[in-house]
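Here is the structure we will look at.
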Amino acid sequence: DAEITQSPRHKITETGRQVTLACHQTWNHNNMFWYRQDLGHGLRLIHYSYGVQDTNKGEVSDGYSVSRSNTEDLPLTLESAASSQTSVYFCASSRGPQETQYFGPGTRLLVL
Amino acid sequence: ELKVEQNPLFLSMQEGKNYTIYCNYSTTSDRLYWYRQDPGKSLESLFVLLSNGAVKQEGRLMASLDTKARLSTLHITAAVHDLSATYFCAVDKGSQGNLIFGKGTKLSVKP
Chain A
2 DAEITQSPRH KITETGRQVT LACHQTWNHN NMFWYRQDLG HGLRLIHYSY
52 GVQDTNKGEV SDGYSVSRSN TEDLPLTLES AASSQTSVYF CASSRGPQET
102 QYFGPGTRLL VL
Chain B
17 ELKVEQNPLF LSMQEGKNYT IYCNYSTTSD RLYWYRQDPG KSLESLFVLL
67 SNGAVKQEGR LMASLDTKAR LSTLHITAAV HDLSATYFCA VDKGSQGNLI
117 FGKGTKLSVK P
């Protein structure tokens, strides 16, 4: 069955380290999204991509970057992790920009 | 700037009762999504509402959209414990999949 996976599922890192969170989908969806979820804020969009080599900034993109070298993957990089980036990160994908977004299982990141 | 407000944020219901969750948004959009999230889990798509007057139903949940009032409702009929979860609405900013989420309504259904 087609699916969307994230790895790692849990990560502890130190302030200042670079961290990369992986997202992989097998639906062949063009559109992929990264969100963070924090208590009291709901989900907020970090970056998104409409296809290979396309990336766009979302609502809370500072300190994060993405790259899209193929259809299946959209890795999220925290250039220099900060404690404020402790959160749960969700990746999502959709067939088209206005289609339902399907979410991955999430990655819990703790920055000490 | 598009803002999405849900209310209530917390809802404790008795089994068998009916209730409505409201989702207001601040600027024009013709596409609204409802998601469910169980504790510690991912988000599950419930409904996509595509136009003014759209109504969708699945089991005990019914969602509607009034684009003129910038309001969507999620109505729960005869609640059961299995509906306990957090429900999010999300509005498409710019019709390109750039979703703005409400803060969620945490629903607890008690016997």
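Heads up: the protein sequence lines correspond to chains A and B, in order. Number 29 in this note's numbering belongs to position 28 of the first sequence; there are no gaps in the numbering. Number 117 in this note's numbering belongs to position 101 of the second sequence; there are no gaps in the numbering. Ideal Cβ placement from N, Cα and C applies to all residues, glycine included.
Practice prompt. Please look up how many angstroms separate the CB atoms of A:VAL112 and A:THR27, rounded, as I've assumed it's under 8 angstroms.
Written response: Numbered from 1 along the first sequence, position 111 holds the residue referred to as residue 112 of chain A. Numbered from 1 along the first sequence, position 26 holds the residue referred to as residue 27 of chain A. Going by Cβ atoms, the distance from A:VAL112 to A:THR27 rounds to 30 angstroms, so no, they are not a contact pair.
Fill in: DSSP state of B:LEU25 mapped onto helix, strand, coil
Locating residue 25 of chain B in the second sequence gives position 9, counting from the first residue. In the structure shown, B:LEU25 sits in coil (DSSP, three-state: anything other than H, G, I, E or B).
Item to complete: Could you run through the segment 53 to 68 of chain A and flag, in chain order, every residue whose CB is less than 9 angstroms away from some CB of chain B?
Response: ASN57, GLY59, GLU60
Discussion item. Short of 8 angstroms Cβ to Cβ, which residues in the segment 7 to 32 of chain A face chain B?
Written reply: ASN32
Item to complete: Decide if B:HIS97 is buried, meaning its Cβ has at least 16 other Cβ atoms within 10 Å, or exposed.
Response: The residue given as residue 97 of chain B occupies position 81 in the second sequence. Per the 10 Å Cβ criterion, exposed.
Fill in: Rounded separation between B:SER100 and A:HIS11 - CA only
Locating residue 100 of chain B in the second sequence gives position 84, where the first residue counts as 1. Locating residue 11 of chain A in the first sequence gives position 10, where the first residue counts as 1. Near 25 angstroms, if we compare the C-alpha coordinates of A:HIS11 and B:SER100.
Worksheet item: What runs of the beta strand (DSSP E), each 3 residues or longer, lie entirely inside the segment 53 to 79 of chain B?
Response: 59 to 65, 71 to 74
Fill in: Nearest-angstrom Cα separation, counted from B:SER80 out to B:GLY69
Start at 1 with the first residue of the second sequence, and residue 69 of chain B comes out as number 53. Start at 1 with the first residue of the second sequence, and residue 80 of chain B comes out as number 64. Cα to Cα, the separation comes out at about 7 angstroms.
Worksheet entry | Helix, strand or coil at A:SER85 [DSSP, three-state] | By 1-based counting over the first sequence, the position of residue 85 of chain A is 84. In this structure, A:SER85 counts as helix in the three-state DSSP scheme.
Item to complete: For A:LEU44, count neighbouring Cβ atoms within 10 angstroms of its own Cβ and tell me buried if that reaches 16, exposed if not.
Response: One-based indexing of the first sequence puts residue 44 of chain A at position 43. Flag for A:LEU44 reads buried.
Discussion item. When you compare the CB of B:ASP82 with every CB in chain A, is at least one pair closer than 8 angstroms?
Written reply: Within the second sequence, numbered from 1, the residue matching residue 82 of chain B stands at position 66. Not one chain A Cβ lies under 8 angstroms of B:ASP82.
Practice prompt. Could you name the residues of chain A that B:TYR49 contacts, counting a contact when the two beta carbons are closer than 9 angstroms?
Written response: Indexing the second sequence from 1 puts residue 49 of chain B at position 33. In chain order: THR101, GLN102.
Practice prompt. Counting only the same chain and skipping the five closest in sequence on each side, list residues whose C-beta sits under 6 angstroms from that of B:LEU87.
Written response: Within the second sequence, the letter at position 71 stands for residue 87 of chain B. Once the five neighbours on either side are set aside, the close Cβ partners of B:LEU87 are ASN40.
Discussion item. Which residues in chain B have a C-beta closer than 8 angstroms to the C-beta of A:SER85? List them in chain order.
Written reply: Locating residue 85 of chain A in the first sequence gives position 84, where the first residue counts as 1. Within 8 angstroms Cβ-Cβ: nothing; A:SER85 doesn't reach chain B, min ~18 angstroms.
Worksheet item: What residue from A:GLN102, A:ARG69, A:SER81, A:GLY52 has the CA that sits closest to A:ALA23's CA?
Response: Position 22 of the first sequence, counted from the start, is the residue given in the question as residue 23 of chain A. Nearest option by C-alpha distance: A:ARG69.
Worksheet item: Does the distance from the C-beta atom of A:ARG37 to that of A:TYR103 stay below 8 angstroms?
Response: The count along the first sequence starts at 1 and reaches residue 37 of chain A at position 36. The count along the first sequence starts at 1 and reaches residue 103 of chain A at position 102. No, they are not a contact pair.
Worksheet entry | Start-to-end residues for the beta strand (DSSP E) that takes in A:SER1 | Absent from the model: residue 1 of chain A. The displayed extent of chain A is 2 to 113, so no value can be given.
Worksheet item: DSSP beta-bridge partners for B:ALA106?
Response: Against the second sequence, residue 106 of chain B aligns to sequence position 90. The partner list for B:ALA106 (beta bridge, DSSP) reads B:TYR49, B:PHE117.
Worksheet item: Less than 8 angstroms separating the beta-carbons of A:LEU46 and B:LEU115?
Response: Reading the first sequence from its first residue, position 45 is the one you call residue 46 of chain A. Reading the second sequence from its first residue, position 99 is the one you call residue 115 of chain B. A contact, by the Cβ cut-off of 8 angstroms.
Practice prompt. Indicate whether at least one CB of chain A lies closer than 8 angstroms to the CB of B:ASN114.
Written response: Taking the second sequence and counting its residues from 1, the one referred to as residue 114 of chain B is at position 98. Answer yes: the Cβ-Cβ gap between B:ASN114 and chain A drops below 8 angstroms somewhere.
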